[in-house]
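>
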Amino acid sequence: MCVFGINSAIEQILIFLKNEVQAETLTDLRKPVYRERLLEILTECPLGLYHLGTWQEVFRWLDWSLSFSDYPELKSALESIRLKDANEA
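At position 9 of the sequence shown the residue is numbered 9 (our numbering), and the sequence of numbers has no breaks.
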């Protein structure tokens, strides 16, 4: 099964995130109201379970601009965004 023409790994991640933030639809994940909770979840989850390319596609689907080339950079980028957002709030 594919949602919006995306592969199953990306779909699994998005469905997990949707359930965790209790969004009604997958496209709701793109709404700013969910960003803080998504960042909290993503900084705590085991990112190494999926390929970096899968994460790049997840963030592209969420309309997030992140630059990373390995898992530590990905974790650092997520934490930086989370801190930046917290300081702006």
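Built from N, CA and C at the ideal position, the CB exists for glycine as well.
#1: Please look up how many angstroms separate the CB atoms of residue 55 and residue 74, rounded, as I've assumed it's under 8 Å.
#2: Determine the DSSP secondary structure at residue 86, reduced to helix, strand or coil.
#3: Going by other Cβ atoms of all chains shown within 10 Å of its Cβ, with 16 needed for buried, is residue 71 buried or exposed?
#4: Can you tell me the Cβ-Cβ gap for residue 17 and residue 38, rounded? I've got them flagged as a contact below 8 Å.
Let me spell this out:
#1: 6 Å
#2: helix
#3: exposed
#4: 6 Å
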